[in-house]
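Novice: Protein sequence lines correspond, in order, to chains G and V.
If you count by the working numbering, then the first sequence holds residues 1492 to 1700, one letter each, in order.
If you count by the working numbering, then the second sequence holds residues 1492 to 1700, one letter each, in order.
Encoded as structure tokens, here's the structure I'll be asking about.
Number of protein chains: 2
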Amino acid sequence: MKKTTPIPARTIERMVLYKRLLIDLKSKGVHTLFSHQLAALAHNTSTQVRRDLMEIGHSGSPRKGYDVTELISNISGILDGSKERIIALVGVGNLGRAILSYFTYSHPGLTIAAAFDTDENKVDRVISGCRCFHMSQFESKIAEMHINLGIITVPAAQAQFVADRMVAAGIKGILNFAPVPLKVPGGVFVDRIDIASSLEKLAYFAELS
Amino acid sequence: MKKTTPIPARTIERMVLYKRLLIDLKSKGVHTLFSHQLAALAHNTSTQVRRDLMEIGHSGSPRKGYDVTELISNISGILDGSKERIIALVGVGNLGRAILSYFTYSHPGLTIAAAFDTDENKVDRVISGCRCFHMSQFESKIAEMHINLGIITVPAAQAQFVADRMVAAGIKGILNFAPVPLKVPGGVFVDRIDIASSLEKLAYFAELS
DNA sequence: GATTATATGTGATATATTTCACAACAGGAA
DNA sequence: TTCCTGTTGTGAAATATATCACATATAATC
């Protein structure tokens, strides 16, 4: 029996957080916890937590709460799908390098397998722990390494071009740091992280006080 | 009298995007446009655009559409509040430096005035175009420079401590790159950018195909 | 074993956000 | 001027998301 309704994006985001918090708790020797405890850590309500767990069909015990190990395993079962997730990063500028070095030193399950750029000074070297190739090798490396996710850290003007090549190469998910919306065909999921935009939003809402 | 209901966060996010797109259009000599044209660029619907503009009380003409200059000015009036927005960044690691260099070369209205770290090798130098101070000078520099927004790019373990100091120093908005939810008193706005989390979400939704 | 106190799981409800559908309108054409 | 076309502005409906409220369950205690 599978899930009939797809799990909402908001729920998935919280699930990722729960998983991280739970792994941390487990490492501290916590074996069991209540919805209101997880809620306090995740900074939301116990009802929200229970609703979310209901979404993935996880059950706890009214008096003992939830088993941490079992819950981690259930959440992971949802988040870590069937396929291996192998990532390519395009654009080895400041931000690209920062992300590379963030992910090279241990990040279980998420591996940036290759980086790409057009700058000859960066190509064919190991930068921030990741092998960097020229864009001319993009398609062949994607296929060879079974890469299915992409990170775009190129300037805005080139982002769509890179996205198009990613899509053509069969990549199914793109994380876009360039401050432009990308046009992709259905079946490809795009998420955007826009630092300048976040700061503007911040400025707006901070203004209130 | 202006807005009775606060403008929703989602609308503000789109507004930031509209503004950027419009400024770009203006520089290309476009003087007027229809809601469906802006929608195409922003990757949403004409109704959504009109609703958003209604939110800020902007009016267009049924047959001529919206005046680009006037619209930019109206959106800016909403987004750029009354106070100057001056930003401090704490944590001059890879990500911190990437953000600093991203913002030093031209970003109108958003200035990172100072960076802070505890590493003696970074302190009292100009890094990626921004002056870096020791954390011991944090409170005095915040006051002196009238800083009201903060960016946290320290490891998770130190994020709450930094946030507490920011709040105590009077900062009203925090952009948090550390993968932990921050606890702050009401009146302080926090936004989180969690790259690992975004990748996990990406992996989940890309899995579908 | 019965009682009790405290959590869970969830239908119902409330709120937030988006989309629909269409009346009102403005400019160009005849 | 009057008609026609294509767009705006927005009430109403639909959808998505979060919260409430409570019946149900279970471990600990007596």
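Even glycine gets a Cβ: it sits at the ideal position worked out from N, Cα and C.
Can you list, in chain order, the residues of the stretch 1678-1695 of chain V whose Cβ is nearer than 7 Å to any Cβ on chain G?
Specialist: Correct list: Gly1678, Phe1680, Asp1682, Ile1684, Ile1686, Ala1687, Ser1688, Ser1689, Leu1690, Glu1691, Lys1692, Leu1693, Ala1694, Tyr1695.
Novice: So which residues of chain V does Pro1672 of chain G contact, with C-beta pairs closer than 8 Å?
Specialist: Those are Leu1508, Leu1532, Ala1533, His1534, listed as they occur along chain V.
Novice: For Arg1511 of chain V, go through chain G and note every residue whose CB falls closer than 7 Å to its CB, in chain order.
Specialist: Going along chain G in sequence order, the residues near Arg1511 of chain V (Cβ under 7 Å) are Pro1670.
Novice: Enumerate in chain order the residues of its own chain whose CB-to-CB distance from Ile1618 of chain G is below 7 Å, with the five nearest sequence positions on each side excluded.
Specialist: Contacts found: Val1583, Arg1588, Leu1591, Ala1606.
Novice: Pair every Cβ in the stretch 1626-1638 of chain V with every Cβ in the stretch 1653-1660 of chain V, then say whether three or more of these pairs are closer than 8 Å.
Specialist: Cβ pair count under 8 Å is three or more, so yes.
Novice: What are the start and end residues of each continuous alpha helix (DSSP H) run of 4 or more residues lying completely inside the stretch 1560-1604 of chain G, in chain order?
Specialist: You should have 1585-1595.
Novice: Determine the direct distance from the alpha carbon of Met1506 of chain V to that of Ile1566 of chain V, and round the result to whole angstroms.
Specialist: About 7 Å.
Novice: Please confirm if Gly1548 of chain V has its CB atom under 8 Å from at least one CB of chain G.
Specialist: No, Gly1548 of chain V does not count as interfacial toward chain G.
Novice: Please list the terminal residues of the continuous beta strand (DSSP E) segment that includes Asp1682 of chain V.
Specialist: Unbroken beta strand (DSSP E) run through Asp1682 of chain V: 1680-1683.
Novice: I want to verify the contact list: residues of chain G whose CB lies under 7 Å from the CB of Asn1639 of chain V, in sequence order.
Specialist: Under the 7 Å cutoff, chain G gives Ala1697.
Novice: Would a check of beta-carbon distances place Arg1576 of chain G closer than 8 Å to chain V?
Specialist: Yes, its Cβ sits closer than 8 Å to a Cβ of chain V.
Novice: Considering only their Cβ atoms, is the gap separating Asn1667 of chain V from Asp1682 of chain V smaller than 8 Å?
Specialist: Yes. Within cutoff.
Novice: Shorter than 7 Å, the distance from the beta carbon of Glu1630 of chain G to the closest heavy atom of the ligand SAH, or not?
Specialist: Although the ligand SAH was asked about, the structure shown includes no ligands whatsoever.
Novice: To test your reading of the DSSP string, which unbroken beta strand (DSSP E) runs of 3 or more residues are found completely within the stretch 1641-1697 of chain V?
Specialist: Within the stretch 1641-1697 of chain V, the complete beta strand (DSSP E) runs of at least 3 residues are 1664-1667, 1680-1683.
Novice: What residues in its chain sit with their C-beta under 6 Å from that of Phe1652 of chain G, if we drop five residues either side in the sequence?
Specialist: Contacts found: none.
Novice: Which residues of chain V have a Cβ atom closer than 9 Å to the Cβ of Leu1601 of chain G, listed in chain order?
Specialist: Under the 9 Å cutoff, chain V gives Ala1687, Leu1690, Glu1691, Ala1694.
Novice: Starting from the Cα of Phe1696 of chain V, find the closest Cα among G:Leu1524, G:Leu1640, G:Arg1542, G:Ala1669 and give me that residue.
Specialist: Nearest of G:Leu1524, G:Leu1640, G:Arg1542, G:Ala1669 to Phe1696 of chain V, Cα basis: G:Leu1640.
Novice: In the structure shown, what three-state DSSP assignment does Arg1622 of chain G receive?
Specialist: Strand, per DSSP.
Novice: Where do the ends of the alpha helix (DSSP H) carrying Asp1515 of chain G lie?
Specialist: Counting along the chain, the alpha helix (DSSP H) containing Asp1515 of chain G begins and ends at 1500-1518.
Novice: Express the C-alpha separation of Phe1680 of chain G and Lys1494 of chain G in angstroms, rounding to a whole number.
Specialist: Below a pLDDT of 50, predicted positions are generally treated as unreliable, and Lys1494 of chain G, at 43, falls in that range; the measurement from the model is reported next regardless. Those two C-alpha atoms are separated by around 20 Å.
Novice: For Thr1496 of chain G, write down the residues that DSSP places opposite it in a beta bridge.
Specialist: Beta-bridge pairing links Thr1496 of chain G to no other residue.
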